[in-house]
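By our numbering, the letter at position 359 of the sequence shown is numbered 357, and the numbering carries on one by one without gaps.
Every residue, glycine too, gets a C-beta built ideally from N, C-alpha and C.
This one's a predicted model, so the numbers in the text were calculated from it and none came from an experiment.
These notes are about the structure you will find just below.
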Amino acid sequence: MSATTRLYYTDSTLREFAAAVVAAEPADGCVAVRLDRTAFYPTSGGQPNDTGSLGSGRVVDVVDREDGTVWHMVEAAPVPAVGETVHGQVDWPRRFDHMQQHSGQHVLSAAFAQLYAARTVGFHLGERASTIDLDRPLSPEQVVASESAANAVVWDDRVVTVRLVSAEEAARLELRKPSSRTGRVRLVEIDRCDLSACGGTHVERTGAIGIIAVSSAERFKGGTRVGFVCGERALRHVRAQREQVAGCVRLLSVTPEELVSEIKRVQTGQRDQRRVTRALEGRLVSLDAASLVAAGQPVGGATVVVSRLAGHDAGSLKAVAVEVVRRGGHVAVLTSDARPVAVVVARAHDVDLDAAALIRGLLGRWAGRGGGRPEVAQGGGFDADPDEVTALARRLLGQALE
Ligand SMILES: [Zn+2]
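Below you can see the structure in the form of structure tokens.
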């Protein structure tokens, strides 16, 4: 099977072409079409495939096979006859965007290599942002310096050239990204910037990249993962951030320059509020416990407090119960005052009672969940009248303590 002639290798600006169908077969609800030549870029080398049209059908995927053939996955098309001439049209805005990102990657990778000897070990051209994986950690300042150097190359509008050389000649050259290919090697050279083996599509002059903006940088596998956007993506990125900042500015009624100090002020205020709230909660727990203890009743040798408390959840019931039994000889059984009922049982260190067993006793009467230790246990989810729960708790306490 002879390899497909890749028209984009020699002319990455070609948007329309005519080609002969070499093979066509149904595949996954599409028609897989192989042509003698194509301007469609197949997914490879970190760059996604082109889309567009082939005859009356929509090209939704382009696949590069091991044998050097390129297959077009065409939607909503009759299976073309072998030998038929078809007209192909590449979705140009998508392709040009990929060319901007991919060419930008060469320039940015070259800057990282030249300034900090940071080698690019991975490249992914994503839907929104692209990433370069570097083999060493870089500081934020180093990333910014590389970004500046890369943009200087963009604005210098350097020529980008493509040529095919033999593998032997490629081996003699100092390539930033060497090739493992045998036979002819495709070299992409950016004047006084970068020389790499690459099969991707690139702009003809660096000025067409527009701008290279780093969007993120984080430690990754002992190196750095740098996110970046070029050309129109960079413009969209700025617009999106402008919207976000405008939203924050409206919410906080400050200028963009005041955002950071205002957020710090709000956070400090919240911390102070939380401190005040915790102090007040502590005082409320003490007051609740004190009034409950005043109404405690003697059962066996212990003072027993059984009560339903309005507006409490499991957490605050436990806080009050634990506060009550800090007093020697005391037992507390506290419930919430609405269905489903939450219950907390606590006893002082000197009372012979298994709080967890008492919860189990309640679970024997109503479905729910619960557990704990002999000193403190809690249950919840009881679909019961809170008064019935306290009544049964009283009975069980009487049996356990007398
Ligand atoms: Zn490339």
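If you run the structure through DSSP and keep just helix, strand and coil, what is I357? Taking the sequence shown and counting its residues from 1, one reaches residue 357 at position 359. Correct three-state label for I357: helix.
Kindly confirm or deny that the region 242 to 260 and the region 153 to 161 touch, where touching means at least three C-beta pairs closer than 8 Å. no
Tell me whether G220 is buried or exposed, calling it buried when 16 or more other Cβ atoms sit within 10 Å of its Cβ. Here residue 220 is taken as the residue at index 222 of the sequence shown, counted from 1. Exposed: under 16 other Cβ atoms inside 10 Å.
Beta-carbon spacing of L173, A195 below 8 Å: Sequence index remark: in the sequence shown, residue 173 carries index 175 (1-based). Sequence index remark: in the sequence shown, residue 195 carries index 197 (1-based). Against a cut-off of 8 Å, the Cβ pair of A195 and L173 comes out as a contact.
Beta-bridge pairing of R404 - partner residues as DSSP gives them: A query on residue 404 cannot be resolved here, the shown segment of the chain reaching from -1 to 400 and no further.
Would you say the beta carbon of C228 comes nearer than 7 Å to a heavy atom of ligand 1? Position 230 of the sequence shown, counted from the first residue, corresponds to residue 228. Every heavy atom of ligand 1 is 7 Å or more from the Cβ of C228, so no.
In the DSSP assignment, find the unbroken beta strand (DSSP E) run with Q87 in it and report its ends. The residue given as residue 87 occupies position 89 in the sequence shown. Here the beta strand (DSSP E) through Q87 covers 83 to 88.
Extent of the continuous alpha helix (DSSP H) to which Q261 belongs: As a position in the sequence shown, residue 261 is number 263, starting the count at 1. Correcting the residue type first, residue 261 is Ile in the shown sequence and not Gln. 257 to 292 is the span of the alpha helix (DSSP H), which, as asked, contains I261.
Contacts around A336, its chain only, beta-carbon distance under 8 Å, and the 5 residues preceding and following it disregarded: To locate residue 336, count along the sequence shown from 1; it is residue 338. Answer for A336: P384, listed in chain order.
Kindly indicate which three-state DSSP category K175 falls into: helix, strand or coil? Counting from 1 along the sequence shown, the entry for residue 175 is found at position 177. The answer is strand: DSSP assigns K175 an E or B state.
F38 in three-state terms, based on DSSP: Position 40 of the sequence shown, counted from the first residue, corresponds to residue 38. Coil, per DSSP.
For H104, is the beta carbon positioned less than 7 Å from some heavy atom of ligand 1? What you label residue 104 is simply residue 106 of the sequence shown in a count that begins at 1. Yes, ligand 1 has a heavy atom inside 7 Å of this Cβ.
Would the C-beta of S194 count as close to ligand 1, meaning under 7 Å from any of its heavy atoms? As a first step, residue 194 is located in the sequence shown; it is residue number 196 there, counting from the start. Yes, the beta carbon of S194 sits closer than 7 Å to at least one heavy atom of ligand 1.
Nearer than 7 Å: is that true of the beta carbon of V186 relative to any heavy atom of ligand 1? For this step, residue 186 is matched to residue 188 along the sequence shown. Yes, the Cβ of V186 comes within 7 Å of a heavy atom of ligand 1.
Measuring straight from C-alpha to C-alpha, what distance separates T67 and I188? Here the question's residue 67 lines up with position 69 in the sequence shown. Here the question's residue 188 lines up with position 190 in the sequence shown. The alpha-carbon atoms of T67 and I188 are separated by roughly 28 Å.
Endpoints, beta strand (DSSP E) assigned at L307: The residue you call residue 307 lines up with position 309 of the sequence shown. Element bounds for L307: 300 to 307.
Run the proximity test for H85: is its beta-carbon closer than 7 Å to any non-hydrogen atom belonging to ligand 1? The residue given as residue 85 occupies position 87 in the sequence shown. Checking the Cβ of H85 against ligand 1 gives no.
State the DSSP-derived secondary structure class of C246, mapped to helix, strand or coil. Residue mapping note: residue 246 aligns to position 248 of the sequence shown, counting from 1. The answer is helix: DSSP assigns C246 an H, G or I state.
Can you give me the C-alpha to C-alpha distance between G379 and D352, rounded to a whole angstrom? By 1-based counting over the sequence shown, the position of residue 379 is 381. By 1-based counting over the sequence shown, the position of residue 352 is 354. Answer to the nearest angstrom: the Cα atoms are 21 Å apart.
DSSP state of I210 mapped onto helix, strand, coil: To locate residue 210, count along the sequence shown from 1; it is residue 212. DSSP places I210 in strand when its eight states are reduced to three.
Just list the residues that DSSP pairs D192 with in beta bridges. The residue given as residue 192 occupies position 194 in the sequence shown. In the DSSP output, where bridge partners are listed per residue, D192 has I188.
Quick check for students: name the residue ranges of the beta strand (DSSP E) that lie wholly in the region 21 to 73, counting only runs of 3 or more. 28 to 33, 50 to 52, 55 to 62, 68 to 73
Is any non-hydrogen atom of ligand 1 found closer than 7 Å to the C-beta of A198, if you look at the structure I gave you? To locate residue 198, count along the sequence shown from 1; it is residue 200. Per the sequence presented here, residue 198 reads as Gly, with Ala not at that position. Flag set: Cβ of G198 near ligand 1.
Option nearest F121 by Cα separation, candidates V80, V57, S42, D48: In the sequence shown, the residue the question calls residue 121 occupies position 123. Ranking the options by Cα distance to F121, first place goes to S42.
Option in T180, H104, Y39 with minimal Cα separation from D192: Position 194 of the sequence shown holds residue 192. The shortest Cα separation from D192 among T180, H104, Y39 belongs to H104.
Helix, strand or coil for H235, going by three-state DSSP, please let me know. Counting from one through the sequence shown, the residue named residue 235 turns up at place 237. Helix at H235.
Leaving out five residues on either side along the sequence, give the residues of the same chain with a beta carbon under 7 Å from the beta carbon of R367. Position 369 of the sequence shown, counted from the first residue, corresponds to residue 367. So the list reads G377, G378, G379, once near-sequence residues are dropped.
When the Cα atoms are used, what is the spatial distance from R358 to R371? Working through the sequence shown from its first residue, we reach residue 358 at position 360. Working through the sequence shown from its first residue, we reach residue 371 at position 373. Each residue's alpha carbon lies about 12 Å from the other.
Identify whether E14 lies in helix, strand or coil by the three-state DSSP scheme. Taking the sequence shown and counting its residues from 1, the one referred to as residue 14 is at position 16. Strand.
Contact belief for A17 with V80 at Cβ below 8 Å, rounded distance in angstroms: Here residue 17 refers to the residue found at position 19 of the sequence shown. Here residue 80 refers to the residue found at position 82 of the sequence shown. With 8 Å as the limit, A17 and V80 do not qualify as a contact, their Cβ atoms being about 12 Å apart.
I think G327 touches D348, with their Cβ atoms under 8 Å apart; what is that distance to the nearest whole Å? Numbered from its first residue, the sequence shown carries residue 327 at position 329. Numbered from its first residue, the sequence shown carries residue 348 at position 350. About 6 Å; that satisfies the 8 Å criterion.
Just the C-alpha distance for Q140 and F226, rounded to the nearest angstrom, thanks. Here residue 140 corresponds to residue number 142 of the sequence shown, with the count starting at 1. Here residue 226 corresponds to residue number 228 of the sequence shown, with the count starting at 1. Roughly 15 Å between the two C-alpha positions.
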